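A short write-up of the structure that comes next.
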Amino acid sequence: MPKVEEAQVNSDEDNIASEALRVIGVSRRRVDARAKVTGQTKFADDIALPRMAFCKLLRSPHPHARIRSIDASRAMALPGVYLVLTGKDFPIKYGILPVSQDEEALCLDHVRFVGDPVAAVVAREELTALNALDLIHVEYEILKTISDPEEALATSSPRIHDYGEEGNIHKRVSFEFGDVEASLADSDEVFEDLFFFQGNTHLPIEQHASVAMKDPDGKLTIWSSTQTPHYLHRALAKVLRMPAGHIRVIATPNGGGFGGKSDPFNHEVVVSRAALILDRPVKISLTREDVFYCHRGRHPVLMKFRTGVRKDGTITGMHLQTLLDGGAYGSYGVASSLYTGALQTTTYHIPRYKFQACRVFTNKPPCGPKRGHGTVQPRFGQEVQIDKIAERLNMDPADFRLRNATMPGTLTANFLELRTVGLPECIRKVVEISGWKQKFRKLPEGNGVGLACSCYLTGAGLPINANAQPHSGVQLKIDRSGGVTVFCGSSEIGQGSDDVLAAIVAEVLGIDTFDIRVFTGDTDVGPVDLGSYSSRVTIMAGNAALQAAERAKSMIAEAVGTHWGLTKEQLCFADHQVFDLGAPNRRMSFQNAICLAESKFGILGTVGSYIPPKSPALFAGGGVGPSPTYSFTAAVVEVSVSPATGWLTVAKVWIAHDIGRALNPALVRGQVVGSVYMGLGEALMEEMEYRRLPKKYSHSLVHKFPSILEYKSPTSLDMPKVEAVLVENPDPRGPYGAKEVGQGPLLPIVPAVANAVYDAVGVRVDESPITPEKILKALEEKRAGRAARYGPAHFPAVDWGRTIEVPPPWEGGDGYALGDPRSAKYRAPSQKACQP
Amino acid sequence: MAIMPAESRKTAEISLLLNCEQTDVAFAPYKTLLELLREDLGLTGTKHGCELGECGACTVLVNGKPVLSCLQLALECDGAEVMTVEGLVAGGQLHPLQEAFADLGAAQCGYCTPGFLLAAKALLDQNPHPTRDAIREALSGNLCRCTGYLQIFEAVEAAALKIGEAGKTARAEL
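Line order of the protein sequences matches chains A and B.
Residue numbers for the first sequence follow this note's numbering, beginning at 0 and rising by one.
Residue numbers for the second sequence follow this note's numbering, beginning at 165 and rising by one.
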């Protein structure tokens, strides 16, 4: 594996402070904790404004239909109704990705799933708006329902959308990094396995809500539970045909996001338009059923892995195919598709890699990004397959993984740049603390342990809308009161991003986090931050805050230094004071130091910004996967399984996460344990299931469980003990060396459970969730002498389109596809590369 | 022209002891206690996640017992003693449960937190030294999607310890 140039590593070394840290690394009460425990955090639905009207959406009862006509006259005539809007009021489409502008705030003439909104009522009372929905008459022409990927592949007409590859195929991609077939042919063994990962949803306890109002000066303000105020800002400017500068988006603290509040949503557009028309505040509070229709959750993905190994346990190559059920809209789907294959090469060295993905449209709520976006499904497949490979080779699966683990400072076959890699240490840690060697294949029948690993991005390396501007920015205001204010466009979704900003600034300036005010999530008040997604906020907003704080410190230090006749380097900022390092008794209060600096420089204000390093993956499609650095995780799960009932209980989870550095260990542990919890939910019970209503009714494809009671998620009684270890090896690219923690620790949990079930009762459940029913079926197969397995049996034929060939770094590749004229090694495309 | 549906008129009146304050309120009779608190009394600390009694976010104490306020008709609360998260702070001091939740990372997004705090208070009022299993059981009607519950359990244990020690000190002083 070629080494990444050292020069680039060294240039980032400044991020790791060598002096003792006072705030960073200490478990502290987060800056917003008091508001949360006193119920004073203002979520979107807690906002009530004078003259506020209420909005309700009429949703399609049909999974797929044309709208023939809408008659809203009776609704409009209902006393208390102010406004009825339909698709005609929203002629412009939008969507989170520039390549998938396929959403309408209200459907114009085509509904694509049960729950697609067709009309909106705004009324003085919420109850009136609800009652008025019943008075709207919509005439539909029913279209054929496309319920699953196989049906989508086989149905060229009707099309759910009139864009995409063809028929109901939204997106397909095919990449080859080296001749994988040759590698597989040279292998001692080739393993071919099919896996299915069921779709599931975020289920944030806060239901989405938005309040929009026309400002007194005629501009628009919207408060909304969104993880991505910047992208909502862009979408509103487009759909409302208003200058973005006349729109203010305020992301209220999210009552849980997990990716489910990352798209611009129809209800946000609707209340904005309604507020502008009515010139009064308009609010919408989604019901839980509405939230299930917003969805954007985990894609159901069918996967086929072909992996070659040598007898000594070395991986020689991998060919991965994924088929994604996208639901009714594009959402982040193109990125999700690419993510299903982007990170396979980051945990284990795979010298040659081929990856093909296909996303289809179906008449179900749209899938999108959920914690671990697109990588959770293939990580499940890969880590379970490795368990199978290790068993066949008679190797301990921990040893197999250690043997193949990637090296720090290297490029992968698909040109991802790995910086610090704590994977081997994570594996050793969980093996040690779980007693793996004493337990694996040694526990009594019905009990078992499973191991799995993962890797995740620390922030997407590229923005959603291609541009060269910073991904995050921070402005600092420091004034003679001694007060420090941080402004940033980041959105607090519970992960603690406000605390990250305060902690970094406090550390640099030698003050406490409580001395700092943090204003975030407001497009009018703070500089742009792209949003709380892809685990990007700590590294990007954090580095921007670090830069702004260092600049402020430099100005203050210069003023104090001049006053004392010292250089800046002879000063130290701590305990709300500035010290002379040479004579610590000589000190000045932080406030007086600011006054000196204000006198010298004028009013103080600094900015910081962050742009991720350029990625060496230069081929088309290489924009999904690159990250400034990656986190790594290893987990061991111990289970007990009843062979009689298939009942599965998770006894304990041991997990080690390579965080780089924990800025606030109490919050980091919360992210690790919370990820374990969400991973267990996906492993054991969570699923978006659909069913057809009987033909004599409508034969509609409806969500089976649009309620919290029926969509099972783990309760306090289901949660096992978790022993979490943080592996801290500061990464030069992270602020104080920090890497991500919000998503990575979820990834190993589902495969670790599957592997533990195999260790316990000797059956493979190659499909999530791993329910007692599936375990029982696999046990029946085992007793009948057939393959002791439950999982998908075949992968449908897919036309993957043209393959983009990119030679891996060790085969002379320079990051460009073969035939790309930008490549220094440009040569005319080979015949193979041209073939469809 | 009447623009308010008949059922929305504030024709119902009750009197309750809300967070230790005598409170009289007129409201539309269909409203739940949750709606009364949030919409008519401006106490938005009580949250909702389903309005169907499934998530526990709206838990408040009615006569000392944890109740899902989304399933409780406000009309049924006439004369009742109701405590919401806004009533936990006493004399400007956070309740030991609030302190522990804040210090130990038991509140991440904070949306389910008010419900958990009140469910936990009901437990500690009844059982000052609960085992881990008793805590798990008492909080099993409250869903949290962020924390994985463990830091919540730890916070309840820490608060129980603190309340117990404060009680000992108080007794010693007597």
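The beta-carbon is built from N, C-alpha and C at its ideal position, and this holds for glycine as well.
Since the structure is predicted, the reported quantities are computational estimates derived from the model, not experimental observations.
{"Check": "For A:G624, count neighbouring C-beta atoms within 10 Å of its own C-beta (all shown protein chains included) and say buried if the count is 16 or more, exposed if not.", "Outcome": "buried"}
{"Check": "As a quick exercise: from A:D133, A:E103, A:A153, A:V83, pick the residue whose alpha carbon is nearest that of A:V121.", "Outcome": "A:V83"}
{"Check": "Restricting to Cα atoms, I'd like to know which of B:G255, B:L205, B:A334, B:L287 is closest to B:G305.", "Outcome": "B:L287"}
{"Check": "So A:T321 is in the beta strand (DSSP E); what residue range does that whole segment cover?", "Outcome": "314-324"}
{"Check": "Quick one: what does DSSP say A:I845 is sitting in, helix, strand or coil?", "Outcome": "Residue 845 of chain A lies beyond the stretch modelled for chain A, which goes from 0 to 835, so this question has no answer here."}
{"Check": "Taking contact to mean 3 or more Cβ pairs, one atom from each stretch, closer than 8 Å, check whether the region 453-461 of chain A and the region 755-763 of chain A are in contact.", "Outcome": "no"}
{"Check": "When we look at the beta-carbon of A:Y696 and count the other beta-carbons within 10 Å, is it buried (16 or more) or exposed?", "Outcome": "exposed"}
{"Check": "Can you list, in chain order, the residues of its chain with a C-beta nearer than 7 Å to that of A:L415? Leave out the 5 residues immediately preceding and following it.", "Outcome": "T344, T345, A616, G624, P625"}
{"Check": "Restricting to Cα atoms, I'd like to know which of A:L529, A:Q320, A:L778 is closest to A:Y609.", "Outcome": "A:L529"}
{"Check": "Can you tell me whether A:W222 is buried or exposed, with buried defined as 16 or more other CB within 10 angstroms of its CB?", "Outcome": "buried"}
{"Check": "What does B:Q262 reach in chain A if we use C-beta pairs closer than 7 Å?", "Outcome": "V36, T37"}
{"Check": "Does the separation of the CB atoms of A:E288 and A:P705 fall below 7 Å?", "Outcome": "yes"}
{"Check": "Could you list which residues in chain B have their beta carbon closer than 7 Å to that of A:Q206, in chain order?", "Outcome": "G213"}
{"Check": "When burial is assigned at 16 or more other CB atoms within 10 Å of the CB, is A:Y825 buried or exposed?", "Outcome": "exposed"}
{"Check": "Enumerate in chain order the residues of its own chain whose CB-to-CB distance from A:L679 is below 8 Å, with the five nearest sequence positions on each side excluded.", "Outcome": "V649, V652, P713, D717, M718, P719, I748, V752"}
{"Check": "Which residue spans inside the region 108-156 of chain A form an unbroken alpha helix (DSSP H) run of at least 4?", "Outcome": "125-132, 148-153"}
{"Check": "Residues bridged to A:V193 by DSSP?", "Outcome": "In the sequence as presented, Val is not what sits at residue 193 of chain A; that position holds Leu. Answer by DSSP bridge pairing, in chain order: A:K303."}
{"Check": "CA-CA distance, A:P806 and A:V375?", "Outcome": "26 Å"}
{"Check": "Does chain B have any CB closer than 7 Å to the CB of A:Y455?", "Outcome": "no"}
{"Check": "Which class does A:L725 belong to by DSSP, given the choice of helix, strand or coil?", "Outcome": "strand"}
{"Check": "With DSSP as the reference, identify every bridge partner of A:W837, one or two as the case may be.", "Outcome": "Any answer about residue 837 of chain A is impossible in this case: the structure gives chain A only from 0 up to 835."}
{"Check": "Measuring alpha carbon to alpha carbon, tell me which residue in B:L237, B:T175, B:L180, B:M247 is nearest A:G38.", "Outcome": "B:M247"}
{"Check": "Evaluate B:A192 with the Cβ neighbour count: other Cβ atoms within 10 Å of its Cβ, from every protein chain shown; 16 or more gives buried, anything less gives exposed.", "Outcome": "buried"}
{"Check": "In the DSSP assignment, find the unbroken beta strand (DSSP E) run with A:I842 in it and report its ends.", "Outcome": "Absent from the model: residue 842 of chain A. The displayed extent of chain A is 0 to 835, so no value can be given."}
{"Check": "Rounded to the nearest angstrom, how far is the Cβ of A:N754 from that of A:G449, given a contact under 8 Å?", "Outcome": "3 Å"}
{"Check": "Taking the straight line between their C-alpha atoms, what separation do you get for A:K363 and A:G259?", "Outcome": "16 Å"}
{"Check": "In angstroms with no decimal places, state the Cα-to-Cα distance between B:T311 and A:R233.", "Outcome": "32 Å"}
{"Check": "Compare the C-beta of B:M165 with all C-beta atoms of chain A and state if any pair is closer than 7 Å.", "Outcome": "With a pLDDT of 46 at B:M165, under the threshold of 50, the modelled position of that residue is not reliable, and no figure is offered here."}
{"Check": "Check whether the Cβ atoms of A:P791 and A:F264 sit closer than 7 Å, and answer yes or no.", "Outcome": "no"}
{"Check": "Any beta carbon of chain A sitting closer than 7 Å to that of B:S304?", "Outcome": "yes"}
{"Check": "What separation, rounded to the nearest whole angstrom, lies between the Cα atoms of A:L708 and A:D262?", "Outcome": "26 Å"}
{"Check": "Give the secondary structure of A:M554 by DSSP, where H, G and I count as helix, E and B as strand, and everything else as coil.", "Outcome": "helix"}
{"Check": "Counting only runs that start and end within the region 696-724 of chain A, where is the alpha helix (DSSP H) found for 4 or more residues in a row?", "Outcome": "none"}
{"Check": "Is A:F572 closer than 7 Å to A:G509 when the C-beta atoms are compared?", "Outcome": "yes"}
{"Check": "Considering A:V375, what are the terminal residues of the beta strand (DSSP E) in which it resides?", "Outcome": "From DSSP, A:V375 is part of no beta strand (DSSP E) but of the alpha helix (DSSP H) over 375-391."}
{"Check": "Opposite B:Q257 in the DSSP bridges: which residues?", "Outcome": "B:A254"}
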